[in-house]
Amino acid sequence: MLAKYRPDDPGSALVRVDGLAKRYAGSRGVAHVSLQLRRHEVLGFVGPNGAGKTTTLRMLAGLIRPDSGTGCIVGRDVNVVERGSSRVGYMPQKLALYSELSVADNLRFRADIYCLSDPAARVRRALVDFGLEDRRRQPAGQLSGGWARRLQLAAALIHSPDLVLLDEPTAGLDGESREDVWKRIQALAGAGAGVIVNTHDLLEAERCSRVALFRDGEIVTQGAPADICEAAPLRAALVQCSDVNALRTAVASDAGLLTLEPHGRRLRILTTVEGFDALCSTLRAQGAMVTADETRLADVALVNERTASQKIGAVRSEGRTA
Amino acid sequence: MSSWFNLRRALALFRVESRLLLSDRSALVLIFGLPVMQIALYGYGVSFIPQHVPVAFATNDAAMSLQAPALFEHDSVVRMTGAIGVLGDAERAIRQGDALVGIEIAKPKDDQPRRVSIFVDGSDPATVGPVLAGLNVFFWRRAAQYYADEQAPVITQRWLYGDPERPTWAVSPGLVGVVVMVTMLFLGAMCLVRERERGTWESLLATPIRPAEALAGKLLPYLLIGIVETVLLLGFVHLLFDVPLPPGSLALVAAAPLFAGSYLLLGFVFSALAQTQLQAVQGAVAVYLPSLLLSGFLFPFSGMPGWAQAIGSVLPLTHYLRASRDILLRGASAGSIWSHLLPIAAFTLGTTVVAVFAFRRRLD
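The listed protein sequences derive, respectively, from chains A and B.
Under the working numbering, the first residue of the first sequence is numbered 210, with each subsequent residue one higher.
Under the working numbering, the first residue of the second sequence is numbered 499, with each subsequent residue one higher.
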């Protein structure tokens with residue numbers, strides 16, 4: 210039996226689902242999705258396209274009824290999907306704005322949909338919070354990608370939801386806009402909301418308090434990014450040498466090598482734990498200087514995306530062309 | 499290749515467009531399935547010849563009373579309504595809506611020619627036209643047989659409703675309903691598809707909005723368009739074709755939200771169920787054509803076989819069309835519209851239930 214959500218209890222789980230599954234004709238869908246989210250947490254859904262991230266997010270948003278599984282989303286049964294919850298703020302990946310309406314009117318619409326008290330004040334505050342005051346009368350369709358995404362986020366958050374679900378919130382944004390979005394995500398969590406973010410960007414995912422790694426419709430691992438990296442059977446190192454081509458040839462057939470890529474003026478290698486020492490010895494024998502590097506979430510995700518048989522071939526071919 | 503037309507580019511686009519079309523299987527079924535269904539439907543269901551049109555017969559000539567039933571024997575186009583009446587009964591039957599054509603034959607006085615009065619309810623010209631033509635042929639045939647050496651009777655034809663001199667009146671009242679139906683059906687069919695394409699549908703579904711709220715909010719603007727359109731069209735047919743606008747016309751305006759709403763909701767259902775614009779439009783066409791052809795707008799309702807009449811009886815246009823003819827051409831009172839509104843209301847109620855269910859269908 211799953212514990213009920215208690216709005217006044219800061220330790221109460223906003224999301225607690227167990228064994229969610231959704232199948233589609235001709236595709237795998239998702240299966241065995243179990244996860245929890247508490248206030249102040251940012252949970253990142255990470256994985257390749259088609260891994261089941263968006264389907265899971267939509268089930269949590271009440272847009273898709275799971276085929277099986279149980280759980281509660283901010284106090285509502287995950288299987289009850291007749292209407293969305295006012296405690297949830299959902300931002301789809303695709304821009305979802307009324308392009309003919311002004312920035313302020315788009316926000317006002319959302320404030321009215323959520324029946325907010327003093328909607329005009331809520332709109333004013335959202336305009337200020339998201340730096341949209343100067344564009345308040347501009348039609349949403351005339352906004353640039355970054356500003357439109359900012360307006361969409363403002364619209365999704367206007368009702369101060371407890372749970373925020375964001376599907377690729379930084380897709381198509383420049384570096385500055387991405388940074389702005391992530392600051393807001395951190396601020397939301399800091400203010401007590403729970404946030405789930407779908408992202409392809411593994412560097413961004415490292416900013417989450419926890420990540421869930423998706424593959425083929427299932428969560429293969431979840432936890433704090435540092436814990437996942439530490440637990441992964443991988444080692445990384447930075448290699449400096451004078452003859453890169455000779456070095457590549459020397460290590461190309463090494464069984465422990467997973468990737469070898471340029472990293473500034475050096476090369477970065479990713480190996481299995483077992484093969485790390487032997488590979489380092491080979492590299493040093495070639496006159497290279499080897500320095501241990503931190504394993505990143507991107508490394509884990511990369512290995513996660515490959516099956517064992519694909520891994521060797523793909524990595525070796527990548528090693529030759531890097 | 500000439501500079502004004504590059505065949506390769508056109509062919510590239512042709513290939514892509516064809517593949518897109520072929521990939522939309524539901525639309526393909528509708529594109530090819532609908533015509534087959536429609537040809538069968540209209541081929542078997544629609545006829546220019548009405549059946550069993552009610553004709554009232556009255557005379558004060560006992561000899562004629564004996565001959566009268568023979569008029570209607572072996573003729574499926576007309577049927578005699580009620581018993582043979584006395585002079586004045588046939589006209590009364592039309593005014594009461596019991597008959598569409600009334601024949602009154604007076605007994606000749608002295609050596610005066612016999613007087614025959616034909617009364618016509620011209621509010622449904624598609625139905626009464628063939629009857630009048632049949633009576634005409636019948637008369638001349640009989641005249642040739644019996645009146646060769648006598649004075650032929652004097653026949654007067656009086657249109658109690660409608661006007662034989664104004665052929666536009668045959669379609670004008672129905673046109674109001676047809677135009678409103680087409681507008682509402684297609685506006686409804688496009689409203690959700692547009693929202694999906696805009697991407698706002700998904701985020702709207704994630705909010706606490708209820709199906710009834712969404713239905714009301716989304717459809718009300720179009721409903722207002724339907725009401726305004728009805729008023730404008732009634733004004734147009736009055737100004738352009740002199741179609742009478744009796745006080746009862748206000749009932750047609752009052753009924754417009756219900757009538758427009760019925761087709762708007764139906765369009766909304768197609769919109770909610772369709773994945774593409776093409777599917778939504780095909781769905782609208784699938785309703786629009788039967789409504790046009792099986793409602794009695796273009797072809798006499800009584801000429802259709804029972805199953806086609808049953809389909810036609812479900813369609814709101816059939817009933818709004820009858821209400822329009824009753825009020826505009828027959829001068830019926832506003833209160834007479836109730837009997838026509840009930841079937842429309844039943845249809846609207848059913849469609850509302852389906853529309854709410856369609857809205858509750860989520861993204862899966």
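Using N, Cα and C, we set each Cβ at its ideal position, and we do this for glycine too.
Pairwise C-beta distances place the stretch 647-666 of chain B out of contact with the stretch 691-700 of chain B, as fewer than three of them are shorter than 8 Å. Under the 8 Å criterion on CB atoms, A:Ile322 is classed as interfacial with respect to chain B. For the pair of segments examined, the stretch 675-691 of chain B was found to touch the stretch 809-818 of chain B: the number of CB pairs separated by less than 8 Å reaches three.
Restricting attention to B:His838, B:Leu763 and B:Val584, the CA atom closest to the CA of B:Ala687 is found in B:Leu763. In the same chain as A:Glu309, and ignoring 5 residues on each side of it, the C-beta atoms closer than 7 Å to its own belong to Pro348 and Gly350, in chain order. The alpha-carbon separation between B:Ala856 and B:Leu526 amounts to approximately 22 Å. Out of A:Gly426, A:Gln431 and A:Leu372, the CA that lies nearest to the CA of A:Glu415 is found in A:Gln431. For B:Pro706, a Cβ of chain A is located within less than 8 Å of the residue's own Cβ. Of all residues in the stretch 682-702 of chain B, only Arg696, Gly697, Thr698, Trp699, Glu700, Ser701 and Leu702 place a beta-carbon less than 9 Å from a beta-carbon of chain A. For A:Ala305, the C-beta contacts it makes with chain B under 9 Å involve Arg696, Gly697, Thr698, Trp699, Glu700, Ser701 and Leu702, in order along the chain.
Per DSSP, reduced to three states, the secondary structure at A:Thr500 is strand. Against chain B, a Cβ distance below 8 Å from A:Val297 picks out Ala704. With contacts defined by Cβ atoms closer than 8 Å, A:Ala270 and A:Tyr307 do not form a contacting pair.
According to DSSP, A:Pro348 shares a beta bridge with A:Ser311. DSSP places B:Ser789 inside the alpha helix (DSSP H), whose first and last residues are Gln775 to Leu792. In this structure, the beta-carbon distance from A:Val255 to A:Val420 falls below 8 Å. About 7 Å separates the beta carbons of A:Gly403 and A:Val224, which is inside the 8 Å limit, making them a contact pair. For A:Arg317, none of the residues of chain B pass the 7 Å Cβ criterion, the least Cβ distance being about 14 Å. Cβ neighbours of A:Ala357 within its own chain (closer than 7 Å, five residues either side excluded): Leu304, Leu306 and Ala349. Three or more Cβ pairs closer than 8 Å define a contact, and the stretch 327-347 of chain A falls short of that threshold against the stretch 225-245 of chain A. Chain order gives no chain B residues near A:Ser451, where near means a beta carbon separation below 9 Å; the closest approach is about 51 Å.
Shown here, A:Ala446 sits in a strand according to DSSP, grouped into three states. Around A:Pro442, the same chain offers Thr481 and Val482 as residues with beta carbons nearer than 7 Å, after the five sequence neighbours per side are excluded. DSSP places A:Cys489 in the uninterrupted alpha helix (DSSP H) bounded by Phe485 to Ala494.
The beta-carbon of A:Arg292 is placed less than 8 Å from the nearest beta-carbon of chain B. The shortest CA-to-CA distance from B:Ala704 to any of A:Cys450, A:Tyr323 and A:Leu466 is the one to A:Tyr323. For A:Cys281, the enclosing beta strand (DSSP E) covers residues Ser277 to Ile282. Judged by DSSP secondary structure, A:Gly403 falls outside any alpha helix (DSSP H) and instead within the beta strand (DSSP E) spanning Gly403 to Thr408.
In the three-state reduction of the DSSP assignment, B:His838 falls in the helix class, which pools H, G and I. Within the model, the alpha-carbon separation for B:Val652 versus B:Leu633 is close to 14 Å. Secondary structure note for B:Val584: it is in no beta strand (DSSP E), with a DSSP letter that is neither H nor E. DSSP places B:Met578 in the strand class (E or B) of the three-state scheme.
Nearest to B:Val551 by C-alpha distance, out of B:Asp596, B:Ala538 and B:Leu826, is B:Asp596. One alpha carbon belongs to B:Arg590, the other to B:Val553, and they sit about 12 Å apart.
Excluding sequence positions up to five before and after A:Ala445, its CB lies within less than 8 Å of the CB of Arg477, Ile478, Leu479, Thr480, Ala501, Asp502, Glu503, Thr504, Arg505 and Asp508, all in the same chain and listed in chain order. A:Gln361 is classed as buried because its beta carbon has at least 16 other beta carbons within 10 Å across all chains shown.
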